[in-house]
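Engineer: With our numbering as the guide, the letters of the sequence shown map in order to residues 39 to 161. Glycine included, each C-beta is placed from N, C-alpha and C at the ideal position.
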Amino acid sequence: MHKILIIEDDPFLLSMYVTKLEANGYDVCSEENGEKGVAVIQKEKPDLILLDILLPGKDGFEILEAVKKDDAVKDTPVILLTNLGQRRDIEKGLELGAVDYLIKAHFTPSEVITKIETVLAEK
(Lines of atoms letter the chains of each structure in order from A and count residues from 1; the text may use other names and numbers.)
(Lines give C-alpha, C1' and ligand atoms only; values in the text may rest on other atoms or scores of the structure.)
Protein backbone atom coordinates (compact mmCIF):
# COMPACT_ATOMS: atom_id res chain seq x y z
CA MET A 1 0.00 0.00 0.00
CA HIS A 2 1.41 3.38 -1.01
CA LYS A 3 1.71 6.09 1.63
CA ILE A 4 0.62 9.57 0.55
CA LEU A 5 1.30 12.71 2.56
CA ILE A 6 -0.98 15.69 1.95
CA ILE A 7 0.16 19.10 3.16
CA GLU A 8 -2.86 21.40 2.80
CA ASP A 9 -4.10 24.14 5.14
CA ASP A 10 -7.74 24.19 3.97
CA PRO A 11 -9.54 21.77 6.34
CA PHE A 12 -12.36 21.07 3.85
CA LEU A 13 -10.00 20.22 0.98
CA LEU A 14 -7.72 18.25 3.26
CA SER A 15 -10.61 16.15 4.54
CA MET A 16 -11.95 15.61 1.01
CA TYR A 17 -8.59 14.42 -0.34
CA VAL A 18 -7.85 12.21 2.68
CA THR A 19 -11.26 10.54 2.28
CA LYS A 20 -10.86 10.12 -1.49
CA LEU A 21 -7.33 8.70 -1.22
CA GLU A 22 -8.26 6.28 1.57
CA ALA A 23 -11.25 5.12 -0.49
CA ASN A 24 -8.77 4.35 -3.27
CA GLY A 25 -6.65 2.17 -0.99
CA TYR A 26 -3.88 4.58 0.00
CA ASP A 27 -2.34 4.95 3.44
CA VAL A 28 -2.73 8.69 4.06
CA CYS A 29 -1.08 11.07 6.49
CA SER A 30 -1.68 14.81 6.51
CA GLU A 31 -0.45 18.08 7.88
CA GLU A 32 -1.84 21.62 7.75
CA ASN A 33 1.36 23.49 8.65
CA GLY A 34 4.39 23.74 6.36
CA GLU A 35 7.03 23.52 9.06
CA LYS A 36 5.40 20.49 10.67
CA GLY A 37 4.98 19.03 7.18
CA VAL A 38 8.76 18.84 6.74
CA ALA A 39 9.03 16.86 10.00
CA VAL A 40 6.27 14.48 8.84
CA ILE A 41 8.09 13.91 5.53
CA GLN A 42 11.29 12.97 7.37
CA LYS A 43 9.47 10.72 9.84
CA GLU A 44 6.96 8.99 7.54
CA LYS A 45 9.00 8.81 4.30
CA PRO A 46 5.87 8.86 2.10
CA ASP A 47 5.78 7.37 -1.41
CA LEU A 48 4.32 10.63 -2.76
CA ILE A 49 3.65 14.13 -1.43
CA LEU A 50 0.64 16.22 -2.45
CA LEU A 51 1.70 19.75 -1.58
CA ASP A 52 -0.09 23.09 -1.42
CA ILE A 53 2.04 26.23 -1.86
CA LEU A 54 0.35 28.79 0.39
CA LEU A 55 0.83 27.34 3.88
CA PRO A 56 1.49 28.63 7.39
CA GLY A 57 5.02 28.04 8.68
CA LYS A 58 6.89 27.23 5.47
CA ASP A 59 5.43 27.59 2.01
CA GLY A 60 5.30 24.75 -0.49
CA PHE A 61 8.33 26.00 -2.40
CA GLU A 62 10.44 25.96 0.80
CA ILE A 63 9.19 22.45 1.59
CA LEU A 64 9.99 21.26 -1.93
CA GLU A 65 13.53 22.69 -1.64
CA ALA A 66 13.99 20.95 1.74
CA VAL A 67 12.81 17.61 0.30
CA LYS A 68 15.16 17.79 -2.68
CA LYS A 69 18.16 18.58 -0.39
CA ASP A 70 17.45 15.63 1.95
CA ASP A 71 19.09 12.43 0.65
CA ALA A 72 16.61 10.25 2.57
CA VAL A 73 13.57 11.66 0.73
CA LYS A 74 14.92 13.52 -2.32
CA ASP A 75 13.52 10.93 -4.77
CA THR A 76 10.00 11.20 -3.34
CA PRO A 77 7.70 12.53 -6.08
CA VAL A 78 6.00 15.80 -5.17
CA ILE A 79 2.82 17.00 -6.89
CA LEU A 80 2.01 20.63 -6.24
CA LEU A 81 -1.74 21.14 -5.79
CA THR A 82 -2.48 24.83 -5.50
CA ASN A 83 -4.59 27.73 -6.64
CA LEU A 84 -1.52 29.69 -7.77
CA GLY A 85 -1.76 29.53 -11.54
CA GLN A 86 0.77 32.15 -12.60
CA ARG A 87 3.30 30.90 -15.13
CA ARG A 88 6.25 31.93 -12.90
CA ASP A 89 4.83 29.88 -9.99
CA ILE A 90 4.37 26.84 -12.22
CA GLU A 91 7.89 27.20 -13.66
CA LYS A 92 9.39 27.67 -10.18
CA GLY A 93 7.62 24.56 -8.86
CA LEU A 94 8.81 22.41 -11.74
CA GLU A 95 12.35 23.83 -11.59
CA LEU A 96 12.50 22.96 -7.88
CA GLY A 97 11.71 19.36 -8.74
CA ALA A 98 7.95 18.84 -8.57
CA VAL A 99 6.79 16.07 -10.92
CA ASP A 100 3.55 17.90 -11.67
CA TYR A 101 1.74 21.15 -10.94
CA LEU A 102 -2.04 20.96 -10.60
CA ILE A 103 -4.28 23.97 -10.19
CA LYS A 104 -7.05 23.01 -7.75
CA ALA A 105 -9.82 24.68 -9.71
CA HIS A 106 -8.91 22.75 -12.89
CA PHE A 107 -8.84 19.21 -11.48
CA THR A 108 -11.48 17.10 -9.75
CA PRO A 109 -10.35 14.85 -6.88
CA SER A 110 -10.74 11.86 -9.22
CA GLU A 111 -8.41 13.46 -11.76
CA VAL A 112 -5.88 14.14 -8.99
CA ILE A 113 -6.07 10.43 -7.98
CA THR A 114 -5.40 9.49 -11.62
CA LYS A 115 -2.31 11.76 -11.64
CA ILE A 116 -1.10 10.16 -8.40
CA GLU A 117 -1.57 6.66 -9.83
CA THR A 118 0.38 7.65 -12.97
CA VAL A 119 3.28 9.11 -10.98
CA LEU A 120 3.47 6.10 -8.64
CA ALA A 121 3.39 3.69 -11.59
CA GLU A 122 6.35 5.52 -13.14
CA LYS A 123 8.34 5.56 -9.88
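In its own chain, which residues sit with a C-beta less than 6 Å from the C-beta of Tyr55, not counting the 5 before and 5 after it?
Structural biologist: Ile44
Engineer: Leaving out the 5 sequence neighbours to the left and right, which residues in its chain are closer than 8 Å to Leu91 when beta-carbon positions are compared?
Structural biologist: This sequence places Ile at residue 91; Leu is not what is there. Once the five neighbours on either side are set aside, the close Cβ partners of Ile91 are Asp97, Gly98, Phe99, Leu118, Thr120, Leu122, Asp127 and Gly131.
Engineer: Counting C-beta neighbours from all protein chains within 10 Å, is the total for Glu60 16 or more, i.e. buried, or is it exposed?
Structural biologist: exposed
Engineer: May I ask you to list the residues that DSSP assigns as paired with Tyr139?
Structural biologist: Leu118
Engineer: By how many angstroms is the C-alpha of Leu52 removed from the C-alpha of Val137?
Structural biologist: 20 Å
Engineer: Can you list, in chain order, the residues of its chain with a C-beta nearer than 8 Å to that of Met39? Leave out the 5 residues immediately preceding and following it.
Structural biologist: Excluding its 5 nearest sequence neighbours in each direction, Met39 has C-beta neighbours in its own chain below 8 Å: Gly63, Tyr64 and Asp65, listed in chain order.
Engineer: With DSSP as the reference, label Val66 as helix, strand or coil.
Structural biologist: strand
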